[in-house]
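Undergrad: For the sequence shown, the numbering used here begins at 48 and goes up steadily by one.
Cβ atoms here follow ideal geometry from the backbone N, Cα and C, with glycine treated the same way.
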Amino acid sequence: MRAASRTLPARPAAIDIAGSAWPVYKLEALAAGLATLLALALIVGSAQVAVLAAAAVGSLVWIAGILRTR
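As structure tokens, this is what we get:
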């Protein structure tokens, strides 16, 4: 009996948004930053802290995505 080999479909490297190809890591970074912003705005109640932390999280996810794709 031969084992059937299944290959998983590769995750797309880019998603087409309004005719422009966006790398997935950029969308992940935007989503992580937005989630951080909303969560901290509700928890802390300070817009300054929420924006600063969201920018830091978004930047770190963005950089990690760049390094992951290399």
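(1) Which residues in the same chain as A100 place their Cβ atom closer than 7 angstroms to its Cβ, once the five residues preceding and following it in sequence are excluded?
(2) Is A97 near the ligand MN, in the sense that its beta carbon is under 7 angstroms from a heavy atom of that ligand?
(3) Is the beta carbon of A68 sitting closer than 8 angstroms to the one on A61?
(4) Quick one: what does DSSP say S106 is sitting in, helix, strand or coil?
(5) In this structure, does DSSP put A68 in helix, strand or coil?
TA: Taking the geometry as given:
(1) Locating residue 100 in the sequence shown gives position 53, counting from the first residue. Excluding residues within five positions, the ones whose Cβ falls inside 7 angstroms are T83, L87.
(2) As for the ligand MN, it is missing from this structure, which has no ligand bound.
(3) Within the sequence shown, residue 68 is the residue found at index 21, counting from 1. Within the sequence shown, residue 61 is the residue found at index 14, counting from 1. Closer than 8 angstroms, so yes.
(4) On the sequence shown, position 59 is the one that residue 106 refers to. It is helical.
(5) Here residue 68 refers to the residue found at position 21 of the sequence shown. Correct three-state label for A68: strand.
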